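Participant: The structure's right below; bear with me while I get my questions together.
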Amino acid sequence: MSGKDWVDRVPDNWNLVRFSKAYRFSRGLDIKKQDLSDHGLPVINYGQIHAKDNPGVRISDQHIRYIPKELVKEAQLGRALLEKGDIVFADTSEDTEGAGNMVRAAGGNTLYAGYHALIARPNSGFRHKYMAYQMISPSWRQQIQRSVQGVKVYSITQRIFNEVTILQPPLHEQQLIVHYLDQKTAEIDALIEKLSRQVVLLERYRRELIARTVTRGLNPDVPMRDSGIEWIGEVPSAWSEGSLKSILRRVSIKNQLDRRVLSVERVNGVVNRETEGSPDNHNRLPDDLSRYLAVDSGQFVMNKMKAWQGSYGVSRLDGIVSPAYYVFDLRYPNPEFFNWAIRSDAYVPFFGRDSYGIRTDQWDFKISALRSIPFFIPPAAEQAAIADYLKREARVLDSSIANINKQIVLLGEYRKQVINDAVTGKVRVGEVA
1 MSGKDWVDRV PDNWNLVRFS KAYRFSRGLD IKKQDLSDHG LPVINYGQIH
51 AKDNPGVRIS DQHIRYIPKE LVKEAQLGRA LLEKGDIVFA DTSEDTEGAG
101 NMVRAAGGNT LYAGYHALIA RPNSGFRHKY MAYQMISPSW RQQIQRSVQG
151 VKVYSITQRI FNEVTILQPP LHEQQLIVHY LDQKTAEIDA LIEKLSRQVV
201 LLERYRRELI ARTVTRGLNP DVPMRDSGIE WIGEVPSAWS EGSLKSILRR
251 VSIKNQLDRR VLSVERVNGV VNRETEGSPD NHNRLPDDLS RYLAVDSGQF
301 VMNKMKAWQG SYGVSRLDGI VSPAYYVFDL RYPNPEFFNW AIRSDAYVPF
351 FGRDSYGIRT DQWDFKISAL RSIPFFIPPA AEQAAIADYL KREARVLDSS
401 IANINKQIVL LGEYRKQVIN DAVTGKVRVG EVA
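For the sequence shown, position 197 (counting from the first letter as 1) is numbered 197 according to full-length UniProt numbering, and the numbering increases by one without interruption.
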């Protein structure tokens with residue numbers, strides 16, 4: 001027996017059922033993201049369904065949000081109240097990969113589907129957790145991903161599910177599969193968690209090493225003096241002190257349309273937006289780039305709305321950046337040392353201290369604050385030695401982190417394959433359990 005073209009041969013005693021025969025649909029609450037609160041009715045929303053750590057087969061407590069009851073229409077509560085076995089889909093996605101993202105309600109606690117949520121409510125015989133495992137499998141999700149349409153946003157509609165099918169093994173086999181997958185995914189998840197902790201520790205050590213070295217140098221036995229900055233502590237007595245205002249001079253050159261577009265990121269600094277930019281950057285480029293600011297290699301670029309996060313750095317590229325950025329000539333003899341230092345945890349807190357605004361995620365940094373940010377300057381030879389040392393150490397640490405992340409990716413792919421093979425009958429769980 002085969003179904004459409006998303007699944008090959010399946011066991012003879014498994015049924016292939018139209019999704020619309022197995023599930024009926026309802027909608028989430030008509031609420032807005034900005035109305036969410038820390039109290040009220042518990043809801044699961046579009047954003048949390050798309051979260052990278054959404055397990056799909058259950059709703060995690062950290063993904064539950066709240067909406068004040070007075071902001072909800074009483075007539076909507078019945079349709080949006082989740083029951084055991086309900087599947088909640090995000091009804092839009094910013095890419096085809098996210099089309100079909102969902103989570104299963106396990107029941108037991110009062111919970112509502114929130115905004116941009118499509119509820120698939122199972123008919124008798126389709127409430128089992130096996131169905132959720134099937135719906136997070138790559139093969140099943142292809143049915144939705146092939147059907148969605150859109151330009152910037154892809155819509156997941158009830159019409160799409162008219163062409164979707166779902167496998168229905170006998171109930172005892174569903175139970176065997178769920179038991180098997182619960183056990184196997186827990187084992188894989190434990191390995192991923194262990195590796196992820198290693199990455200966190202290595203990244204923390206990397207940050208601490210850089211911050212300590214750019215403020216204390218390489219020789220622990222030199223005389224020290226108090227920096228006057230609580231989080232920096234002591235610095236070598238031989239180091240001089242200047243201010244960022246004396247090092248940075250703002251420039252603003254526009255209409256350089258033949259240049260590549262750059263972006264500034266917290267982790268990687270100034271990068272080529274197209275080839276190196278974060279996949280999470282969904283800001284659309286305007287058709288007219290004439291107001292974008294020219295950047296030359298060696299200049300210092302800052303995202304003024306995210307400077308408090310450390311989104312700035314010395315550019316190694318020529319290009320253009322958003323007019324929401326600052327561009328500076330860097331009047332400093334060793335740009336490499338300056339970049340290591342200014343992007344470290346020793347200096348980022350200054351930008352948090354001197355950024356202001358209503359929304360925490362986009363505080364604005366004013367150029368006038370540069371005069372109040374000190375910069376500790378080692379002798380020229382020591383700057384070069386520090387930059388060389390950090391380059392070597394960072395290369396080793398980055399290689400270790402990359403190798404661990406590669407293992408995490410491979411385990412994630414293996415996890416998907418284990419689920420896929422079990423829910424489609426490629427691996428008969430009763431034969432391997």
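Think of the CB as a built atom: it goes at the ideal place given N, C-alpha and C, for glycine as much as any other residue. Predicted model only: the values in this text are computed from it and were never measured.
#1: Does at least one heavy atom of the ligand ATP sit under 7 angstroms from the Cβ of M131?
#2: Since L248 and L317 should fall inside the 8 angstroms C-beta cutoff, what is the C-beta to C-beta distance between them, to a whole number of angstroms?
#3: Could I get the ranges of all uninterrupted alpha helix (DSSP H) runs contained in the region 187-258, with 4 residues as the minimum, in chain order?
#4: Given a cut-off of 8 angstroms, decide if W239 and Q142 are closer than it, judged by their beta-carbon atoms.
#5: To the nearest angstrom, how far is the alpha carbon of V43 from that of P223?
#6: Buried or exposed: where does L257 fall if 16 or more other Cβ atoms within 10 Å of its Cβ makes it buried?
#7: Just how far apart, CA to CA, sit D296 and V271?
#8: Can you confirm whether the region 101-118 touches the region 168-178 when touching is taken to mean that 3 or more C-beta pairs between the two stretches lie within less than 8 angstroms?
#9: When you compare only the Cα positions, how much space is there between Y96 and G56?
#10: Whose CA, out of G108, N101, M131, A106, lies closest to the CA of L118?
#11: Which partner residues does A90 have in the DSSP bridge list?
#12: Going straight from the alpha carbon of K304 to that of H50, what length do you get?
#13: Between the Cα of L218 and those of P379, N13, D38, spot the shortest distance and give me the residue it belongs to.
#14: Tell me the residue span of the alpha helix (DSSP H) that contains N339.
#15: Determine the DSSP secondary structure at M131, reduced to helix, strand or coil.
#16: Which partner residues does L262 have in the DSSP bridge list?
#17: Considering only residues of the region 16-56, which uninterrupted alpha helix (DSSP H) runs meet the minimum length of 4 residues and lie entirely inside it, listed in chain order?
#18: So, under 8 angstroms CB-CB, F365 and Q158 are touching, yes? Tell me the CB distance rounded to an integer number of Å.
#19: Work out the CA separation of S322 and S2 for me, nearest whole Å.
#20: For the beta strand (DSSP E) that F351 lies in, which residues bound it at each end?
#21: Ignore the nearest five residues each way along the sequence and tell me which others in L390's own chain have a CB closer than 7 angstroms to its CB.
#22: By a C-beta neighbour count over all protein chains shown, 10 Å radius and 16 as the cutoff for buried, is N45 buried or exposed?
#23: For I419 and I232, I'd like the C-alpha separation in whole angstroms.
#24: Quick check on Q143: does DSSP put it in helix, strand or coil?
#25: Taking 8 angstroms as the cut-off, does the region 347-356 touch the region 306-314 (at least 3 CB pairs, one atom from each stretch)?
#26: Comparing C-alpha positions only, which one of Q134, S20, L16, A394 sits nearest to E208?
Facilitator: With the given structure in hand:
#1: In terms of ligand content, the structure shown is empty, and the ligand ATP therefore cannot be addressed.
#2: L248 to L317, Cβ: 18 angstroms. No contact.
#3: 244-247
#4: no
#5: 58 angstroms
#6: exposed
#7: 13 angstroms
#8: no
#9: The sequence given here has Thr at residue 96, not Tyr. When rounded, the distance between both Cα atoms is 17 angstroms.
#10: N101
#11: A117
#12: 28 angstroms
#13: P379
#14: 335-342
#15: helix
#16: N272
#17: 19-22, 46-49
#18: About 47 angstroms; that fails the 8 angstroms criterion.
#19: With a pLDDT of only 39 at S2, under the threshold of 50, the placement of this residue in the model should not be trusted, and no figure is reported.
#20: No beta strand (DSSP E) holds F351; the alpha helix (DSSP H) holding it covers 348-353.
#21: I210, T213, W340
#22: buried
#23: 49 angstroms
#24: helix
#25: yes
#26: A394
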